[in-house]
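Notes for the one structure printed next.
Residue numbers (the numbering used here): 154 to 238.
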């Protein structure tokens, strides 16, 4: 699951709050937010349009997916779900 914000996650207090709350849901091991970690997620099989996400989360349960979607809604952040691609 990826998310693209209008500005990088590290630049605002509200964005840091979202990052912290996502970390609470999936743990540190289930969250990528450093630019060097995110490059590989800039595209999937469709390589014409590339956009590096601001954060990538790896939920391991339906409950985590629900919590992540609710957080994205609460913080008005769009998300792009991604499967094995």
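We treat Cβ as the ideally placed atom computed from N, Cα and C, and that holds for glycine.
A residue is called buried once 16 or more other Cβ atoms fall within 10 Å of its Cβ, and residue 197, having fewer, is exposed. C-alpha of residue 232 to C-alpha of residue 199: approximately 17 Å in a straight line.
DSSP, read as helix, strand or coil, puts residue 201 in coil. At the C-beta level, residue 178 and residue 211 stay beyond 8 Å of one another. Residue 184 is classed as buried because its beta carbon has at least 16 other beta carbons within 10 Å across all chains shown.
By the neighbour-count criterion, in which 16 or more other beta carbons inside 10 Å mark a residue as buried, residue 234 falls on the exposed side. According to DSSP, residue 228 shares a beta bridge with no other residue. Residue 230 is positioned such that its CB atom lies closer than 8 Å to that of residue 171.
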